[in-house]
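For the sequence shown, the numbering used here begins at 1 and goes up steadily by one. Ideal placement from N, C-alpha and C gives every residue a C-beta, glycine not left out. For clarity, every value in this text was computed on a predicted model and none was experimentally measured. To keep things clear, I will list the structure first and then write my remarks on it.
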Amino acid sequence: MEIVWSSFATEGLFSILEYVETDFGSRVSQRVYTDIMGYIETLTKFPNLGIHDDIFSTETLEVRYLLCKQNIIYYLIYKETIYLLSIANSNQSSDRIRKVIADYLRLYK
């Protein structure tokens, strides 16, 4: 399956890596990057690996999420493509994450 990154997912990843590098150093930041990218790569082979999200999923749209240590990867499975909606630290505002995901999903309704 193909993976398409939303701008919010890209920004989220960069934000996480910047925070980790500032507080814990470049080695830890590199490890976090490797872990997150490993999870995303696994999705190409096992797209249903993540947990089904009842809040955002509909009859036609399937939204799932993966927990990667302290980070959450939200993604949409649509046709033969995986759309990365958000990559966020679990301490981030859940309201902000939900708003961005809801806005992104409007494109598919």
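Compare the C-alpha of residue i against each of the options and name the closest.
| i | options | result |
| --- | --- | --- |
| Phe-14 | Asp-95, Asn-71, Ser-57 | Asn-71 |
| Lys-69 | Lys-45, Arg-31, Trp-5, Glu-18 | Arg-31 |
| Arg-98 | Thr-44, Arg-64, Pro-47 | Arg-64 |
| Thr-44 | Ser-29, Leu-67, Leu-84, Phe-24 | Leu-84 |
| Ser-93 | Gly-12, Ser-7, Leu-66 | Gly-12 |
| Phe-46 | Tyr-75, Phe-24, Trp-5 | Tyr-75 |
| Ile-3 | Glu-80, Tyr-33, Asp-23 | Glu-80 |
| Ser-6 | Phe-56, Phe-24, Ser-86, Ala-102 | Ser-86 |
So if DSSP puts residue i in a beta bridge, which residue, or which two residues, is it bridged to?
| i | result |
| --- | --- |
| Ile-51 | Tyr-65 |
| Ser-29 | For Ser-29, which the question treats as bridged, DSSP gives no partner whatsoever. |
| Tyr-78 | Thr-81 |
| Glu-2 | Thr-81 |
For my contact list, residue i and residue j are in at a C-beta cut-off of 8 Å; report their separation, rounded to the angstrom.
| i | j | result |
| --- | --- | --- |
| Gln-78 | Tyr-104 | With the sequence shown as reference, residue 78 is identified as Tyr, and Gln is not the correct amino acid for it. Actually they are not in contact, since the Cβ atoms of Tyr-78 and Tyr-104 sit about 11 Å apart, beyond 8 Å. |
| Asn-89 | Ile-16 | 6 Å |
Determine the extent of the alpha helix (DSSP H) in which residue i is found, giving its start and end residues.
| i | result |
| --- | --- |
| Thr-13 | Note on residue identity: the sequence assigns Leu, not Thr, to residue 13. 7-24 is the extent of the alpha helix (DSSP H) around Leu-13. |
| Leu-105 | 94-105 |
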